[in-house]
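Single-structure report; data block below.
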Amino acid sequence: MEGVALDEAYLDVTENKQNIPYASTIARHIKTAILQETQLTATAGVSINKFLAKMASGQNKPNGLTVILPEQAIAQ
Numbered sequence: 015m016e017g018v019a020l021d022e023a024y025l026d027v028t029e030n031k032q033n034i035p036y037a038s039t040i041a042r043h044i045k046t047a048i049l050q051e052t053q054l055t056a057t058a059g060v061s062i063n064k065f066l067a068k069m070a071s072g073q074n075k076p077n078g079l080t081v082i083l084p085e086q087a088i089a090q
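Residue numbers (the numbering used here): 15 to 90.
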């Protein structure tokens with residue numbers, strides 16, 4: 015995990031030890047844990063790099079989860 019600010023971090027889940035197949039599933043689990051532990055919502059962005067994940071996280075605030083797939087990231 016790479017902390018960026020008090021309320022922002024990046025997590026590379028390319029290889030995960032729990033064998034969870036989708037990064038969006040991991041993001042959903044993290045959002046649920048944050049809500050249960052703190053009673054606060056969280057917004058998550060999932061993509062192939064930090065820049066696109068950051069852009070995705072800004073799409074559905076508050077409490078959203080947005081995925082930008084590799085094929086969606088190709089410049090047109």
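Each residue gets a CB set at the ideal place from its N, CA and C atoms; glycine is no exception.
- By the criterion of a C-beta distance shorter than 8 Å, E51 is surrounded by no residue of its chain, once the five residues flanking it on both sides are discounted.
- About 13 Å separates the beta carbon of I48 from that of I40, a gap too long to meet the 8 Å contact definition.
- Per the C-alpha coordinates, the member of P84, S38 and Y36 positioned closest to I62 is P84.
- Excluding five sequence positions before and after Y24, the CB atoms of its chain that fall closer than 6 Å to its own CB belong to E16 and K64, given in chain order.
- With a 10 Å radius around the Cβ and a threshold of 16 neighbouring Cβ atoms, G59 comes out buried.
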